[in-house]
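Start counting at 1 in the sequence shown, then tack on 34, and there's your number in this note's numbering. Here is the structure we will look at, set down as structure tokens.
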Amino acid sequence: MCRRAICCCGLIVTVLVTGQASGFQTLRPGRLPKDLRARLIPGLQAVFHSLDQRQTQREDTRVDRLPTLAVARGETPAALLAPGPFTVEWSGYLKLRLKGSYQFYLSGRGQVSMEINGVRVWEEAAGDLGRLPPQRADLLRGYNHLRIRYRSLSTGAAQLRVDWSGNDFAREPITPQRLLCDGATPGLQRGQQVRRGRFLAARFHCFDCHKGLQRHEIGGMPELNRRAPDLLAGAGRLRADWIVDWILDPQRLRNRTSMPRLLHGLPAELAERQAVDLVAYLLTQSPRKVTDKDVGAGSVERGEALFEDRGCIGCHRFSPPGESDEWERLSLHFVAAKFHAGALARFLVDPEQHYAWTAMPNLGLTLMEAADLEIFLRENSKGRVAVRAAGVAAHGEKLFTSLGCQQCHLTAVQKRLPAVARVLWSEKGTAAKAGCLLPDVSAIGVPAFALDKAGRMAIAAALQVGPQAWRRGVAGEFAQRQVQSLRCTTCHQLDGEQSSLGYILDEEAVGGHPPEAIPDLTWVGDKLRSDWTRRLLAGQLGYRAREHLRIQMPAFVSRAKWLSRGLAVQHGYGPEPALRIEVDPRKAAVGAQLAAMDTGMSCHRCHPIGNRQPQAPFDARSTNLIHVAQRLRRSYYGRWMLNPQRIDPATKMLRFAPDGKQTSLRQYYEGDAIRQFDALWHYLQSLHQSAGKDAGNP
35 MCRRAICCCG LIVTVLVTGQ ASGFQTLRPG RLPKDLRARL IPGLQAVFHS
85 LDQRQTQRED TRVDRLPTLA VARGETPAAL LAPGPFTVEW SGYLKLRLKG
135 SYQFYLSGRG QVSMEINGVR VWEEAAGDLG RLPPQRADLL RGYNHLRIRY
185 RSLSTGAAQL RVDWSGNDFA REPITPQRLL CDGATPGLQR GQQVRRGRFL
235 AARFHCFDCH KGLQRHEIGG MPELNRRAPD LLAGAGRLRA DWIVDWILDP
285 QRLRNRTSMP RLLHGLPAEL AERQAVDLVA YLLTQSPRKV TDKDVGAGSV
335 ERGEALFEDR GCIGCHRFSP PGESDEWERL SLHFVAAKFH AGALARFLVD
385 PEQHYAWTAM PNLGLTLMEA ADLEIFLREN SKGRVAVRAA GVAAHGEKLF
435 TSLGCQQCHL TAVQKRLPAV ARVLWSEKGT AAKAGCLLPD VSAIGVPAFA
485 LDKAGRMAIA AALQVGPQAW RRGVAGEFAQ RQVQSLRCTT CHQLDGEQSS
535 LGYILDEEAV GGHPPEAIPD LTWVGDKLRS DWTRRLLAGQ LGYRAREHLR
585 IQMPAFVSRA KWLSRGLAVQ HGYGPEPALR IEVDPRKAAV GAQLAAMDTG
635 MSCHRCHPIG NRQPQAPFDA RSTNLIHVAQ RLRRSYYGRW MLNPQRIDPA
685 TKMLRFAPDG KQTSLRQYYE GDAIRQFDAL WHYLQSLHQS AGKDAGNP
């Protein structure tokens with residue numbers, strides 16, 4: 035018996051050693067090898083294929099937050115593909131904490147196949163996908179391999195949304211936090227590199243100098259429409275000595291700038307003299323400078339409070355640009371040296387006046403608030419620049435043309451010249467070895483950008499694709515880029531990633547206010563109607579969406595149209611019809627009773643209704659119910675009312691139907707939660723309808 039046991043143990047050891055030596059690893063279902071887990075990134079890998087045999091570029095790979103699509107006829111689903119019929123395959127993992135049985139739902143049009151852990155859920159389901167019955171699948175604890183194949187309509191139009199439900203939650207979109215994919219596949223790495231390169235080429239205005247691409251092509255990459263700041267109109271608000279230093283070395287004065295060095299190939303004395311002459315010309319062409327008389331005196335204390343309450347502290351710091359910052363904020367070390375007195379306040383009131391595509395949002399400040407901020411910023415901005423003698427404007431005018439300033443910068447005087455430099459993709463393989471993409475740019479007349487090796491390689495990879503890399507704009511991809519470049523996650527949580535503003539306030543703020551509950555961006559495209567989001571981002575609402583917060587949503591005017599579309603597309607929503615208010619008077623009457631303080635859910639305790647203010651403490655208040663109909667999508671409203679904590683665990687909103695079926699208000703529809711929430715929706719619609727009659731267009 036002992037000999038048999040010893041032999042058995044020896045066999046087990048031999049198998050284990052042999053298995054490890056050959057790289058074989060036995061894992062229980064739902065687990066992944068350690069090296070694969072280390073490569074996982076959020077989202078699903080999406081591989082697109084064009085079905086048009088005439089196209090030279092027929093494949094594109096990217097990461098999608100969700101397996102969703104919304105592509106109109108004539109649009110392209112991915113940046114590197116031409117419009118037309120296509121297929122896409124999403125692959126990755128759906129990670130769960132507990133095993134269980136789940137139902138999956140489709141909506142949209144096209145053809146879909148879906149499998150989980152190798153088991154077919156749908157096989158070439160086609161037509162109106164919303165009419166298909168849900169399919170059940172048993173999922174594992176841990177990682178479930180997910181694969182979804184989709185084929186567009188023959189016209190190239192496409193729409194898909196994938197929802198699910200479980201034993202403890204009703205139908206909802208799959209949560210982005212649960213989706214992961216291998217971020218190290220060659221196709222995905224190339225797709226990400228090309229996308230970074232096309233963004234950098236647009237950011238650095240490559241095609242303002244280089245021929246081969248019409249930047250205003252209809253449907254092209256939106257960032258190509260950027261024009262650098264209007265130099266001749268804006269120079270008068272800036273200090274001459276700061277402009278000189280900026281021309282000589284912009285990276286010394288500001289981190290993360292797209293402005294290149296232009297005089298770096300000259301001897302230092304000659305470079306400084308040319309910069310001084312160029313500034314002299316700019317100032318002779320610029321309107322009069324703003325003086326102290328134009329802006330009233332501000333308060334440092336009020337300015338400091340605004341700097342914290344409006345979230346400025348989340349994006350800006352006062353340490354020198356060259357110093358590291360945990361939050362990678364933009365340095366204001368030289369802001370006092372940059373602006374004339376009073377001009378900074380004017381800029382804060384209207385930052386897009388001379389630069390429509392500025393990343394600085396419009397905060398909706400009054401001139402007095404801006405004056406308070408200016409004096410606080412000057413108090414804390416310690417950077418200084420050297421004082422220099424005035425230059426010769428006539429020499430500067432020639433330099434303005436010879437250096438190509440007008441190629442990138444919008445001016446009212448100088449006519450924008452056509453691109454004159456060589457076509458970047460005429461000689462494949464040379465783009466990364468010449469000109470602006472050299473590791474050490476020292477040639478006179480060649481701009482030196484703040485590009486690292488990875489950035490240069492990314493631009494080179496995009497150039498290998500050719501002009502088609504920039505000729506098509508994709509709203510969902512635009513939104514993804516802008517959420518990152520505008521630092522939206524400084525204030526907003528997204529896909530489980532905590533915002534940084536709360537941590538920054540805890541560490542650096544002196545006001546003592548606790549962090550506020552700023553809305554999560556995870557479901558924003560699924561939650562808000564696109565037309566309302568566009569007006570919010572453009573600063574055109576005419577009211578504050580959340581009056582109870584100290585912080586206010588700023589406006590990003592130039593990006594509002596594309597960004598609002600892109601946020602919706604990420605959740606599978608295309609262009610929506612104009613808002614239609616349809617009220618059933620009987621349901622609205624029941625809804626009014628359900629909303630009332632004494633007969634229903636006491637909505638007015640926390641929510642304003644028109645001019646009627648709520649009774650709850652200020653930190654427990656929420657949005658005005660009069661705007662719900664124009665803000666929310668009906669599907670999101672239904673999910674929210676059934677289980678608000680599932681969408682936002684930190685919300686103060688009560689869950690009126692704990693079992694998802696009935697409320698405690700049995701006198702209305704015998705407690706049927708779905709019917710009660712529908713009646714309440716009609717009541718909310720009636721509030722918007724009444725407001726429209728009283729005030730015209732809201």
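Glycine included, C-beta positions come from ideal geometry on N, C-alpha and C.
According to DSSP, residue i sits in a beta bridge with which residue or residues?
{"i": "Ile-643", "result": "Arg-646"}
{"i": "Ile-182", "result": "Trp-124, Met-148"}
{"i": "Gly-272", "result": "A quick correction: the sequence has Leu, not Gly, at residue 272. In the DSSP output, where bridge partners are listed per residue, Leu-272 has Phe-373."}
{"i": "Asp-94", "result": "Phe-82"}
{"i": "His-244", "result": "Ala-455"}
{"i": "Lys-129", "result": "Tyr-177"}
{"i": "Leu-140", "result": "Val-196"}
{"i": "Gly-348", "result": "Paired residue(s): none; Gly-348 is not in a bridge."}
Whole-angstrom Cβ separation of residue i and residue j, contact assumed at under 8 Å?
{"i": "Asp-283", "j": "His-443", "result": "Actually they do not touch by this definition, with Cβ atoms about 18 Å apart."}
{"i": "Ala-626", "j": "Met-635", "result": "The pair is not a contact, with the Cβ atoms about 11 Å apart (cut-off 8 Å)."}
{"i": "Pro-210", "j": "Thr-556", "result": "6 Å"}
{"i": "Ile-277", "j": "Gly-337", "result": "Their Cβ separation, rounded to whole angstroms, is 25 Å, which puts Ile-277 and Gly-337 out of contact at 8 Å."}
{"i": "His-547", "j": "Arg-584", "result": "7 Å"}
{"i": "Cys-349", "j": "Arg-521", "result": "6 Å"}
{"i": "Phe-381", "j": "Arg-273", "result": "Between Arg-273 and Phe-381 the Cβ distance is about 13 Å, and since that is not below 8 Å, they are no contact."}
Following the continuous alpha helix (DSSP H) through residue i, name the residue where it begins and the one where it ends.
{"i": "Glu-531", "result": "Taken as a continuous stretch (DSSP letters only), Glu-531 belongs to no alpha helix (DSSP H), as it is neither H nor E."}
{"i": "Met-675", "result": "668-676"}
{"i": "Gly-625", "result": "619-629"}
{"i": "Arg-73", "result": "68-73"}
{"i": "Ser-519", "result": "509-519"}
{"i": "Leu-497", "result": "487-499"}
{"i": "Glu-408", "result": "401-414"}
{"i": "Ala-160", "result": "Looking at the DSSP string, Ala-160 is not in any alpha helix (DSSP H); the run it does join, the beta strand (DSSP E), is 153-162."}
{"i": "Phe-233", "result": "220-237"}
{"i": "Pro-284", "result": "284-287"}
{"i": "Gln-502", "result": "Neither: Gln-502 is in no alpha helix (DSSP H) and is coded neither H nor E."}
Return the chain-ordered list of same chain residues with a C-beta closer than 6 Å to the C-beta of residue i, the five sequence neighbours on each side being excluded.
{"i": "Trp-280", "result": "Leu-287"}
{"i": "Ala-218", "result": "Arg-73"}
{"i": "Val-122", "result": "Ala-80, Phe-82, Tyr-184"}
{"i": "Ala-116", "result": "Gln-89"}
{"i": "Gly-430", "result": "Asp-311, Leu-312, Ala-314, Tyr-315"}
Once the 5 residues before and after residue i are set aside, which same chain residues still bring their CB inside 7 Å of it?
{"i": "Ala-496", "result": "Val-228, Gly-231, Arg-232, Ala-235, Ala-503"}
{"i": "Gln-723", "result": "Ile-615, Val-617"}
{"i": "Lys-595", "result": "Arg-568"}
{"i": "Gly-469", "result": "Val-480"}
Taking the beta carbon of residue i as the centre, do at least 16 other beta carbons fall within 10 Å, making it buried, or is it exposed?
{"i": "Met-587", "result": "buried"}
{"i": "Thr-633", "result": "exposed"}
{"i": "Gln-710", "result": "buried"}
{"i": "Glu-413", "result": "exposed"}
{"i": "Ala-691", "result": "buried"}
{"i": "His-716", "result": "buried"}
{"i": "Met-148", "result": "buried"}
{"i": "Glu-360", "result": "exposed"}
{"i": "Asp-69", "result": "exposed"}
{"i": "Pro-63", "result": "exposed"}
{"i": "Val-153", "result": "exposed"}
{"i": "Pro-395", "result": "buried"}
{"i": "Asp-406", "result": "buried"}
{"i": "Leu-714", "result": "buried"}
{"i": "Lys-621", "result": "buried"}
{"i": "Ala-55", "result": "Only weak support exists for where Ala-55 lies, its pLDDT of 39 falling under 50; the value from the coordinates is given anyway. Flag for Ala-55 reads exposed."}
{"i": "Leu-666", "result": "buried"}
Starting from residue i and walking both ways along the beta strand (DSSP E), at which residues does that stretch end?
{"i": "Asn-259", "result": "It is not in any beta strand (DSSP E) - Asn-259 carries neither H nor E in the DSSP assignment."}
{"i": "Ser-656", "result": "Premise fails: Ser-656 is in no beta strand (DSSP E) and is neither H nor E."}
{"i": "Pro-389", "result": "Looking at the sequence itself, residue 389 is Tyr, so the reference to Pro does not match. Run containing Tyr-389: none; DSSP gives neither H nor E here."}
{"i": "Tyr-315", "result": "Not the beta strand (DSSP E): Tyr-315 falls in the alpha helix (DSSP H), residues 302-319."}
{"i": "Cys-215", "result": "213-216"}
{"i": "Trp-198", "result": "192-200"}
{"i": "Arg-205", "result": "203-207"}
{"i": "Leu-104", "result": "The amino acid at residue 104 is misidentified as Leu; the sequence shows Ala. That run of the beta strand (DSSP E) goes 103-105."}
For chain D, find out if any of its Cβ atoms is closer than 8 Å to the Cβ of residue i; answer yes or no.
{"i": "Ala-160", "result": "Of the protein chains in the structure, only one exists, and it is not chain D."}
Is the closest heavy atom of the ligand MG to the C-beta of residue i under 7 Å?
{"i": "Leu-74", "result": "Questions concerning the ligand MG fall outside what the structure shown contains, since it holds no ligand whatsoever."}
Just to confirm my understanding: we take residue i, look at its own chain, exclude 5 residues before and 5 after, and list those with CB closer than 8 Å. What are they?
{"i": "Leu-528", "result": "Val-517, Cys-522, Asp-554, Leu-555, Thr-556"}
{"i": "Gln-223", "result": "Gly-217"}
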